[in-house]
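Asks:
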Amino acid sequence: MPHDPLRDGAGRRYPAHLDAWEVKEPKDWPGAWWANWYNLPPALWPLPVPPATYQRNRRYRDLRRRAEEVRRTVRLRRVTGGGLPATSWRFVAELPGGGLVGELRAHERSPHLIDGDDPSDEREIVLDGVLVAEACRRLGIGRRLVAMLAAEMDRSGIRSAHAIAEGGGVDLLLACGYQFETSRLWALRHDRRPATGNRPSGQGG
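Count the sequence shown with my numbering and you get residues 16 to 220, in order.
#1: Sort out for me which residues DSSP pairs residue 103 with in a bridge.
#2: Straight-line CA distance for residue 55 to residue 158?
#3: Excluding the five sequence neighbours on either side, which residues of its own chain have a C-beta within less than 8 angstroms of the C-beta of residue 23, listed in chain order?
#4: Assuming the contact rule is C-beta atoms closer than 8 angstroms, residue 177 and residue 118 should be a hit. Round their C-beta distance to whole Å, please.
#5: What are the start and end residues of the beta strand (DSSP E) that includes residue 147?
#6: Please report the straight-line C-alpha distance between residue 76 and residue 46, rounded to a whole angstrom.
#7: Check whether the Cβ atoms of residue 116 and residue 105 lie closer than 8 angstroms to each other.
#8: Whole angstroms is fine: what's the gap from residue 109's alpha carbon to residue 91's?
#9: Can you tell me whether residue 220 is helix, strand or coil according to DSSP?
#10: Exposed or buried, which one is residue 189 when buried takes at least 16 other CB atoms within 10 Å?
#11: Starting from residue 91, trace the beta strand (DSSP E) both ways and give me its first and last residue.
#12: Could you check where the beta strand (DSSP E) with residue 37 kicks off and where it finishes?
#13: Could you pull the start and end residues of the beta strand (DSSP E) that residue 67 belongs to?
Here's what the structure looks like:
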């Protein structure tokens, strides 16, 4: 990765055999233990960031190079046809060879079915989930998928989207402009169990 213009704090060039990159915020400096706290304002950063940094570990260097390649070459598209219902929305992120590295699924619903109002042409989106391959996370793919969904909503005249998320998915959606709703939601689960007393014929018991 070309880094001739980069200089350290003493004005020296960085080693030519290493990949160096400019540090603009803590997340660009993965060697710092507080790098993941990049949501703090600069005034609260516990240390000043260096002008640039580099990775000596070859494995980490190769992972970073791979990440940059994925970020540069990944392509996003909406999947239509193939038996997919018109009210189902699916977006995928693919590499040039066709490898799937990300996916967003959503569906339309009619608000009047919830509120009991008279039927209307109003529609809204329910976000079913955003998945990104583990090796391709933190590259902005999830955010780009959500942005593509928003663009398609604008083209379709749909103004609202709803989602239920957990863990990192909450941070992703908040960063994409989603807000917490005032209503309280409960996560429910139903596991089907084998019926008792209906054993297949021919077996003893």
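Just so you know, even glycine gets a beta-carbon here, dropped at the ideal spot from N, CA and C.
Replies: Based on what the coordinates show:
#1: 122
#2: 20 angstroms
#3: 29, 65, 66 and 67
#4: The pair is not a contact, with the Cβ atoms about 19 angstroms apart (cut-off 8 angstroms).
#5: 139-147
#6: 12 angstroms
#7: no
#8: 6 angstroms
#9: Caution applies to residue 220, whose pLDDT of 47 falls short of 50 and renders its modelled position unreliable; the value that the coordinates give is listed next. It is coil, neither helix nor strand.
#10: exposed
#11: 90-94
#12: 35-37
#13: 67-69
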